[in-house]
């Protein structure tokens, strides 16, 4: 994707996810860095966690790109890129990513959800719902989305994320919860309530999108839907075959015009972006 002379720009970067990947996989993130665990806890989606960070061992910072590329090289065999693999633990992709606010529960005003689509080798659609923090997003701010109704599944999704997929005490089984997560990512509950097909920058919770990007994510839930159980005809979920839920590690691009912010498009003088097409 990158060309000689182009500069990588990180549109999303999670220091915490990088550190957890390094700690869990015994990665050496360069001579200048070591993974450390502090005694003072922090929280993630309202759940207390130990503080994990990078400390400089030799006083020389390595760029995000060097750290990211080292992670990819070390974990390359475990990163899904074709989505023909069952039950992936890490996933990457190229293309378009949509950003929306996820503001329910402990993550209120801080949550963000990224949505990407891919196809497996058989041409079946794979939807990825990646929940993270707006503080890690370079282009969006808390509170700039249009508010809408809350999802009844927010607490179950929060539990899934906080436990890294290890716990589900909700009323939904894993496929059902994955469908609810996708509804959050797509704003499907808003369309169901209003019947609206308005331009996406007028949709509640939508923040914008980025094109021509590369991303990496850790995966907490990966389900292939039973077509006899799920029928999404006439909704934004129509055509969904597999739903993967996780957390973004990074989103990066070398294209200066990669990001479209819906907060800007809601200004009366702003025109529709060149090459725009409606997202389903």
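Numbering (the numbering used here), first residue to last: 1 to 280.
The C-beta atom is built at its ideal place from N, Cα and C for all residues, glycine as well.
For clarity, every value in this text was computed on a predicted model and none was experimentally measured.
Span of the beta strand (DSSP E) around residue i
{"i": "residue 262", "result": "Where residue 262 is concerned, there is no enclosing beta strand (DSSP E), although the alpha helix (DSSP H) it sits in stretches over 262–265."}
{"i": "residue 90", "result": "90–102"}
{"i": "residue 212", "result": "206–224"}
{"i": "residue 116", "result": "111–119"}
{"i": "residue 125", "result": "125–133"}
Residue i versus residue j - alpha carbon distance
{"i": "residue 283", "j": "residue 72", "result": "No information on residue 283 is available, as it lies outside the stretch 1 to 280 that the chain covers here."}
{"i": "residue 151", "j": "residue 237", "result": "16 Å"}
{"i": "residue 214", "j": "residue 259", "result": "13 Å"}
{"i": "residue 266", "j": "residue 127", "result": "27 Å"}
{"i": "residue 80", "j": "residue 163", "result": "22 Å"}
{"i": "residue 70", "j": "residue 29", "result": "7 Å"}
{"i": "residue 40", "j": "residue 24", "result": "Annotation note: pLDDT 46 at residue 40 (below 50); position unreliable, coordinate value reported separately. Using only the alpha carbons, I get a separation of about 20 Å."}
{"i": "residue 186", "j": "residue 200", "result": "10 Å"}
{"i": "residue 34", "j": "residue 22", "result": "Residue confidence is low: residue 34 scores 48 on pLDDT, short of 50, so the model does not pin down where it sits. No coordinate-derived value is stated."}
{"i": "residue 157", "j": "residue 177", "result": "7 Å"}
{"i": "residue 139", "j": "residue 14", "result": "14 Å"}
Boundaries (first-last residue) of the alpha helix (DSSP H) holding residue i
{"i": "residue 161", "result": "154–162"}
{"i": "residue 176", "result": "174–186"}
Short Cβ contact (8 Å threshold) for residue i with residue j
{"i": "residue 137", "j": "residue 102", "result": "no"}
{"i": "residue 253", "j": "residue 217", "result": "no"}
{"i": "residue 223", "j": "residue 181", "result": "no"}
{"i": "residue 263", "j": "residue 132", "result": "no"}
{"i": "residue 219", "j": "residue 68", "result": "no"}
{"i": "residue 288", "j": "residue 251", "result": "Any question about residue 288 goes unanswered here, given that the chain covers just 1 to 280."}
{"i": "residue 242", "j": "residue 87", "result": "no"}
Which residues DSSP lists as bridging residue i, in chain order
{"i": "residue 13", "result": "250"}
{"i": "residue 79", "result": "90"}
{"i": "residue 259", "result": "210"}
Margin query: Would the region 199–212 count as touching the region 60–74 if we require 3 or more Cβ pairs under 8 Å?
Written below: no
Next item on the list: Answer yes if the region 111–118 comes into contact with the region 228–236, meaning at least three C-beta pairs across the two stretches below 8 Å, and no otherwise.
Entry: no
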